[in-house]
Each structure stands twice: as structure tokens, then as C-alpha cells.
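**Q**
Protein chains in written order, with my numbering: chain A, 12 to 304; chain B, 1106 to 1516; chain C, 11 to 352.
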């Protein structure tokens, strides 16, 4: 592909580059705006009178004496103890990713190496499972979970998130394993390894790019989930996203929007470092993988 | 929020921690409370929590999803929560499934401090203890009324007239706002207006709908007439949208929840001029009726059925402590409390006036929730001018009948 | 791979899916065939803080007895599927008989809740999916040409719309497109129309939801395509270049065919996510103008009165719709699989 980058900057080059610039503008724009607005008071953030107030911080200056304020962050993190929710999210996400990837690699490997019809049926069934609206599934869990005293726990939520994400994980990892040449494990088997030894010594070392990419998507699913976490966690175990939603108020009360805005901005920060850190693997991982579908 | 007030809040918080382990006279038991997530309920539940101590475990869950999980949570045996804080609509699913216990014994034994009008009696049995009231009512900007020389409106017809004058005076293009968001909010606006017209939702003694009539059409036409004076975005307007609009001085007349009053009248998010001119009024009457076009709401606590009598008693004592006079004095302006110690402030005037004018309570019927849902699902088409009032009412009726048949209320 | 090994490798993943997805789907399908027992009601006097009144209340003892006899409720067959809230056979028949023109017939059917939701859901899926594919491909091609040093930050920035939870992401945009917000006010100036409001008009709300859908889903397509591009064989491209293919032709005849499996994968995921669209409708408060299948399910499940049977039926209809839309892709996957196994 690098050959395309060479040569002079033709019509195609200009088109592709302006596409990227345009995309970056619409992708980043809302976040820059939110980041800026998170240091204002609500009157400026909404700025019903004139949207330029949000830039200059007119109301913020009137209420706090400065054009910028950290009150939203203070309120969310100190007063509302948002760090507890951040901690819960960390626990849920770490365990969900580890468990999903463990189950997914084993299953995905088996599916990729089995030529029998039932493997195909499992793949298709997984696809259909993924079509089920999550809210229906979650409302079905409620009664048994309460009955068996499983409701409200982080562990229950982790298992549910793993199960719900399993179809996607299986599909993605299955296509990664298809790309790892079958001769590799066959030669290991010829050398006298058991199936599991072959998997462990031959496949595991070469599977990381695919696993990390799949892990990123599992991570995002768990990190952003609202349908499951909002229904299955008690308030002391709540993760970040349902908590942010709760800052937004109820039918009869106005919420504290600035807490929500500050919390949203805070929740993006760890993702920034994560993506920067894994960026190389994400790309090389996808390269090795899904290409064959 | 001003720094000073945050420090105040933190200080108050540490104070309550300091005086924890109040002696409520409970020696043992499990107490766990499921409640909605807003400040007044936090105050009640935290005060109840101060009863926790040796031998007593206390657990609370404030969540906006309380209604979604309450039936499942209380169906378990033992129930996940010993107490659920309800309102007149959210008690219905618990009653329908027989998940809360009669409180008569407990009231006789430990409820001396409760006033008779706090006791919610169903079929003669006390099923809940109410502690706060709420209702939608008008807020007006006195400065703008003075500017156009209009008196404060007392009926919806006068609201229309006043809005017209304000628009014609060139002060505001959209002087009115109400909670018309096309979800539960919109259903509530229809219910209020229909009740104000003296309408009945069901044929007496049955679950058959009775809204497809002249009263229904009058209600729809009034709602439609009001939307002429609201911003065209009105179908997205809920409390969180309208309150900031009000605070930035963009609206002159609004129908909002009484519980929003505290935020509109504080010193945050608005200019001193707007705050000083904000006046809460009773909900208006309509079509020459005598009672306000609004429904009254209460919030109260219930005790689960599927728990031991010991836990039920402990929970009851703690919750009675939670709504004690001390709690009211410490949180006087957080809500319109029903207890004697309450000193109504300016923010409570609207709810008090609406109740005094004889507004109806929101119907506590097993099938009212189905009607409410049918209303908000079918009304937007009419309000956007896509169909006639007759068609809208026929649709509501059909949607309700379908749902009520499935639930077994209709054959 | 021998059956025995396959079984042990797949067991954990399969167990999780069977327990938490297959069993619930089965129970949902069963539940959709039942409706609740007839509610036995009696008149009682209720007293609250405001007044006393005589009203109907469910007679718990009698209802409990009925419940015990048949815990699932009354068998209703496919009755729930055909009632007004779902496929509405009877109502559609009546509309057919009453209306003269196709236009009136369509308008009448559109007035029924499920068809209305289905119409938006399908439009959303059909509009958003190809746009996501095209935009994702072009961004990937563009980013691929960037100097290496700028690639990292660009990739992060491009991922932002997908990273933020849909509920909050749509809410942020909703605030911005308000007539008083930065985007809304800018559009008013651009179109020189002071009354322009994206939230007030149905077509504009639809466009807003489509744009959001593209914005939120493009990063996924972009990342997958970008990775795919890294693996396009040099030799083939080189050969095409020597044969005098323009860059457009290189993309059209070399890059796109090579990445066809990726296109299928993304299409598959997008079709499914499109049919389950829910969060943007809530985030944009758009339910007056656009409803989706998931929105209907949400209302039935989480309203004051819970219509489990109805929600179950809508869920089964959603799954069926997904299966129908996926059929062509499934057939292709089967062919690939068959090739592999032989």
C-alpha cells in the first residue's frame, strides 16, 4: 500500500487528505467543545441566551469570579465520590476483558480448526444470539438473580457482560485464527504434542495481535455499557456510565448537568492513554486477522 | 455550585456521620431501602440510616431505575429490599403483585408521631406512609406580567391570552413552556389537563377506557393551543431542558413540578432579576372548572411482604425515624413535607396553593400505567399536526385496549 | 479437529452463551405465547393525604390462586404477535378495506406502532450501513497516506466517537444542535433561516439521527479497514500501477476486492447494530418523530406496568428481522465454510 503514498499529490491525494481533515473536525469537534464547556457553569454550558457565552464564560465570571471553574470536577469527584464508580468500572472492565478473551480464544481456536458442520451451526447461532436486544435479556435476568441473591454484585455483572459479548468475541477471534496457518499446529501435533500443548506452545505466542484487537473492542463494550450495568448493579457498585446518567436528573428534578459533563470528560482520559499505548498492536493485530473474514 | 455551598454540604455530611447511631430503639434486624435518586429522598434515607448500629445492618440503593427493578426485587423470598419508597403511580405494580405488607400493627405500635393524613389506606389497611407531596403548577415572571399589564393567570384560557399579549408586545416569541417531552412527561400533561376538564379515564367500576369523548377533544385542543406559544422543540422538553431556559430568562410562564421550584429560586444558574421575579402559582383551572388542571402526588415508604416480621419492624422504626421532625428541620426546603415540623417556604407555595384549590390526586388504579403509556405513545402525532383529535383519541383507546387485554384487565 | 477436543475448547464459551443468551431467548419465545391471567378486581376505598375515593383494586388472593394453577399465564398462541401493538393483521385488513389509494393505505399502516418503528429502524439501517462503509474506507485510505508521526494521534481522534458511550455522546450532540447551541445557531446562519430547528421537524430529526449513526459507527469501520490496508499485497498493486491503473482504479480493482471479507464482517455487525438502534432515540429525545423496535421493547418492559408478553413478542420479531436481513451474508459464510471443510 505504501506504493500509493509515493508519487505526486494528485487529485486522489487531495481528496483523501481533505476527507481525513473533515473527519477529524467532526470527530473531535464535540469533544473539544465539551472539554472547554466542562470548565464553565451550567448557565454558560447551555448558554441559552447566546452560544458565544460558552466561549467567553460570561455566567461563569458572574458566579465564580473567573472565566474558568473546576466546580464540575470538584462536585463529581469529591462531593459525589465519582472515584468509587471509576474504581468499579476498572474492576468490571479488567475482569470482563480477561475472561472474555480466555473463553473467546479457546472457543475461537476450536471453531477455526473444526471443519464439521456443528462448528458452523455454533457460529451462526452466536450471530443470532447477538441480535437479541440487550434490554430483553437483562429484564429476564432480574427475577432469578434476585431470587438467588446474585443481583447487585460486580461479579454477576462481569459474567453477564462476558456472556453477552461472547458472540462478537468468538467471531472476531475465529477469523484471526483462520489466518494462522494450520501447518503450525499440525507440525506440533506430529512432534507428539497434545492438542492443548500445541495450542499453548505454538498458537498462543503468535495470537497476541488478534487478541489485543479483540480485547480493545471487549474493553469498549464493557466500559460503555449502560443497558446491563444500570439494571444489574446496586448504587454502591455502580460503574461510571449509569452514574453519569444519574447526574442528569429525574422526571421531577433537574439534575446537575455540569457534574455529568465533567465526569464524561474524565471518563475519556484513560481511554486516550489506552489507545495511544496499544495503537500499534491494534493495527498490526487487525492486519493479521479479520482479513480473511 | 458555589465553593462555599459545597463546603457547607461536606460539613453537613460529616456532621451526620458524627451523630450516627442515633438511638431509635431497634436492637437487631436487616434494613435495606430502594428509592429514587433525588435529594429529598437522600435526606430521608440517610436519617433512617443513623439508626444502624450494633446488630443492625443497613443498606440503601438510590437509583433512577428503581421502578424497573422493584417488582423483581420484592418478588424474591426473602426480598432484596425491606422497604421501597414509592409514589402514587409506582405503588401500583407492588399492590398488583401483592408484594407489600399492611402496616396497621406497626403503625399502632411505633407510629404515634405519624399524622392520619400520612397513612395511605387501601381497602381499610395502611399500605404506605406518605411524607412528601408534589404537583405540577405554574411559574410566572412577575416583571414581564407587569410590563404588559396583565394579572397573574388563574386559568389556562388566561395563560393563552397572557402569552398572546407577551408575544404581541414583542417581548418573547415563545413565552410559554411545559413538560411536553414525548415520554412519560407528555402523558402526565394530558392527565393533568383532562382531570382539570373534569374527565374520567375509565367507565366507573371497570377498566374500560372512557377518554374518547368531548372532554378528550377539549383537552387535546387546549394542549395544542398551548403548544402554539411554546418553542417548536416542545416535544423534547422535560424538567432538565425547561429549568435552564427559565433560569436564563427565556420564558415568562411555565408549568413545572413543584420540586423544581427550589432550583429556580436559588442563586445559581440565573440572574438576580429573573430569580426575584419568579413567582410560583397554583396550577390553573380550565374550561370554567373549579379545580386546578393538575394531579397531586405523594411519596411514601412501603414495607416488603416477603421478609421476616422482625426485619419489617426494624425497617418501620428506622423509616419513621427517617421522616422525623429533626430530618424535616434539617432539610426544610428540600421538599414539600407532610409532617408538622415543616415550615413552607416560597418554593412550596405553588404546590400548597394547588392542593388547597382541591386538585385531584393522580389516579392510583391498577391499569392507569397502561393508559399513561398509551397516551404518550399516541399523542405526538396529534401535537405535530399529523392527525386529528378524533383519530388521536381512537388510537389511544386502541393502544390501551390492546395492552389492557394482554394484562388481563379487559376481556 | 477431533470432536472431543473441540468440545473441551468450546465448552466455556458455549456454556456462557447457552446460560445467558440461549435460555433467555427460549424463555422469551415461550413467554410471547402467553398473556397474563384475567385480573380479578374488587372495589375498595382508598385514602391518601389528599382525599378518599372508591376504586378498583386487584384481588390478590384470587389472582394468586390463578397464578399458582398456571404460572405462565393464559395461553394465547400467536395472539400477541397479531394484535395492534405488533403485526396488527386485523387493523391492516381494515385499513386495506377502507382506503382507496396506496398513499392512504401506507399512511394508515404507518399509524400503527410496530410498522412505524420498523420503518424508521429499517431506514436507519439501510442509510447508515453503506455510508459507514464508504466513509470508513476513505478515511482509512487517507490516514494510510499520513506521515507516521501523525498517525497515532489521528487514530485516537478518529476513535473518539466510538469510545464515548452512545447515551452520553448523543446527549452532547443534542445540546450542540439546539437552536441556541453552537451547531444549531450556525446552521440557522448558514441557511439564513432564524426558525430552523433540528428538533422540531421530523425529516431533520431523522437526518440528525442518521448523521449521528454514521458519526458513531464510522470509527469501527475505519479501524478494521485501516488494518486491512496494511496487508494489501505490494506486488499486486505494483503490477496494477505498471499496467497504468490510476489511483482510483487501484482502489476499485485491487484494494476493495482484497478487503471484501472485511466489508462483509462490518456489514454484518452494522446491520445488527442498526436494527437494535435505541440509545440515540433516547439521547436525542426523538421518540416523537422516530421510534425503533428496541424503543418499543424498552417502553413495554420499563413502563409503570410491565408488558412482558408484548416485549417478548417484539424481541422475537426483531430477531426474525435480523435473520432475514442476514440471510445473504449467511449464505456466503456457509460457502466459505464449506470450502474450508472440504
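Note that the Cβ used here is the ideal one computed from N, Cα and C, for glycine as well.
Note that the structure is a prediction, hence the values are computed from the model and not measured.
Is it right to say residue 1428 (chain B) is buried, meaning 16 or more other beta carbons lie within 10 angstroms of its own, or is it exposed?
**A** Residue 1428 (chain B) is buried by the Cβ-count criterion.
**Q** Quick check: the Cα distance between residue 221 (chain A) and residue 235 (chain C), rounded to an integer number of angstroms?
**A** Straight-line Cα distance between these residues: approximately 15 Å.
**Q** Checking contacts by CB at 8 Å: is residue 1507 (chain B) closer than that to chain C?
**A** By this cut-off, residue 1507 (chain B) is an interface position.
**Q** Determine, using beta carbons only, whether residue 1176 (chain B) comes closer than 8 Å to chain C.
**A** Yes - at least one Cβ of chain C is within 8 Å of the one on residue 1176 (chain B).
**Q** Quick one, are the C-beta atoms of residue 5 (chain C) and residue 41 (chain C) less than 8 Å apart?
**A** The question about residue 5 (chain C) has no answer here: the residues shown for chain C are numbered 11 through 352.
**Q** Please tell me whether residue 1432 (chain B) and residue 1193 (chain B) are closer than 8 Å, where the distance is taken between their beta carbons.
**A** Not a contact, by the Cβ cut-off of 8 Å.
**Q** Going by C-alpha to C-alpha distance, which of B:1439, B:1321, B:1349 sits closest to residue 1493 (chain B)?
**A** Among B:1439, B:1321, B:1349, the Cα nearest to that of residue 1493 (chain B) is on B:1321.
**Q** Quick one: Cα of residue 294 (chain C) to Cα of residue 109 (chain C), how far?
**A** Whole-angstrom Cα-Cα distance: 34 Å.
**Q** Within a Cβ cutoff of 8 Å, which residues of the same chain sit near residue 178 (chain C), ignoring the five residues on either side of it in sequence?
**A** Excluding sequence neighbours, residue 178 (chain C) sits near 293.
**Q** Let me check one thing: in DSSP terms, what residues is residue 1225 (chain B) bridge-paired to?
**A** B:1233.
**Q** Distance check for residue 1353 (chain B) and residue 50 (chain C), CA to CA, integer angstroms please.
**A** So the two alpha carbons sit approximately 52 Å from each other.
**Q** Smallest Cα separation from residue 246 (chain C): which of C:233, C:263, C:199?
**A** For the residues C:233, C:263, C:199, the minimum Cα distance to residue 246 (chain C) belongs to C:263.
**Q** Pull the bridge partners of residue 259 (chain A) from the DSSP assignment, please.
**A** Its beta-bridge partners do not exist; DSSP assigns none.
**Q** Residue 183 (chain C) to residue 223 (chain A), Cα distance in whole Å?
**A** Between residue 183 (chain C) and residue 223 (chain A), the C-alpha separation is close to 31 Å.
**Q** Going by Cα to Cα distance, which pick from B:1274, B:1291, B:1299, B:1187 is closest to residue 1391 (chain B)?
**A** Among B:1274, B:1291, B:1299, B:1187, the Cα nearest to that of residue 1391 (chain B) is on B:1299.
**Q** If you check the beta carbons only, do residue 133 (chain C) and residue 290 (chain C) fall under 8 Å apart?
**A** Cβ distance not < 8 Å, so residue 133 (chain C) and residue 290 (chain C) don't count as in contact.
**Q** Which runs of the alpha helix (DSSP H) at least 4 residues long sit entirely within the stretch 20-50 of chain C? Give them in chain order.
**A** Listed in chain order, they are 33-41.
**Q** If I follow the unbroken alpha helix (DSSP H) through residue 1166 (chain B), where does it start and stop?
**A** Per DSSP, residue 1166 (chain B) belongs to no alpha helix (DSSP H); it is in the beta strand (DSSP E), 1161-1167.
**Q** So which residues of chain A does residue 1142 (chain B) contact, with C-beta pairs closer than 7 Å?
**A** Simply 257, 261.
**Q** Please identify the residue among A:134, A:54, A:23 whose C-alpha is closest to the C-alpha of residue 1345 (chain B).
**A** Minimum Cα distance to residue 1345 (chain B) is reached at A:54.
**Q** For residue 67 (chain C), does the three-state DSSP call read helix, strand or coil?
**A** Strand.
**Q** Can you look up residue 1358 (chain B) in the DSSP assignment and give me helix, strand or coil?
**A** In this structure, residue 1358 (chain B) counts as strand in the three-state DSSP scheme.
**Q** Against residue 1166 (chain B), what residues of chain F qualify as contacts under a CB-to-CB distance less than 8 Å, listed in chain order?
**A** Annotation note: the requested chain F is absent from the structure, which comprises protein chains A, B and C.
**Q** Taking its Cβ as the centre, do 16 or more other Cβ atoms sit within 10 Å of residue 197 (chain A), making it buried, or is it exposed?
**A** Exposed, since its Cβ has fewer than 16 Cβ neighbours within 10 Å.
**Q** So which residues on chain C does residue 21 (chain A) lean against when the C-beta distance must stay under 9 Å?
**A** Ordered by position in chain C, the residues that pass the 9 Å Cβ test against residue 21 (chain A) are 256, 257.
**Q** Counting along the chain, where does the alpha helix (DSSP H) carrying residue 1349 (chain B) start and finish?
**A** From DSSP, the alpha helix (DSSP H) with residue 1349 (chain B) extends over 1344-1352.
**Q** Just to make sure I have the definition right: I need the residues of chain A whose C-beta is within less than 7 Å of the C-beta of residue 313 (chain C). Which are they?
**A** The premise fails here: residue 313 (chain C) is roughly 12 Å from chain A at the closest Cβ pair, so nothing lies under 7 Å.
**Q** I want to see whether chain A comes within less than 8 Å of residue 24 (chain C), judged by CB atoms only; does it?
**A** Output row for residue 24 (chain C): interface = yes.
**Q** Contact criterion: CB-CB distance below 8 Å. Does residue 1454 (chain B) meet it with respect to chain A?
**A** By this cut-off, residue 1454 (chain B) is not an interface position.
**Q** Ordered along the chain, which non-local residues of its own chain (more than five positions away) have a Cβ less than 8 Å from that of residue 1176 (chain B)?
**A** The residues are 1198, 1199, 1202, 1204.
**Q** Taking only the alpha-carbon atoms, compute the straight-line gap between residue 55 (chain C) and residue 1401 (chain B) and give it to the nearest angstrom.
**A** Approximately 18 Å, taken between the alpha carbons.
**Q** Which chain B residues sit within Cβ distance under 8 Å of residue 171 (chain A)?
**A** By Cβ distance, chain B contributes nothing, its closest Cβ being about 15 Å from residue 171 (chain A), past 8 Å.
**Q** When the cut-off is 8 Å and only beta carbons count, does residue 357 (chain C) lie next to chain B?
**A** The structure shown does not extend to residue 357 (chain C), since chain C is modelled only from 11 through 352, so no value can be given for it.
**Q** Do you know how far the Cα of residue 1189 (chain B) is from the Cα of residue 1166 (chain B)?
**A** Distance between the alpha carbons of residue 1166 (chain B) and residue 1189 (chain B) is about 10 Å.
**Q** Looking at the C-beta of residue 1459 (chain B), does it have a partner C-beta in chain C at a distance below 8 Å?
**A** So, not an interface residue.
**Q** One question on the structure: do residue 281 (chain C) and residue 135 (chain C) come within less than 8 Å of each other, judged by their Cβ atoms?
**A** It is a contact, given that the beta carbons lie within the stated cut-off.
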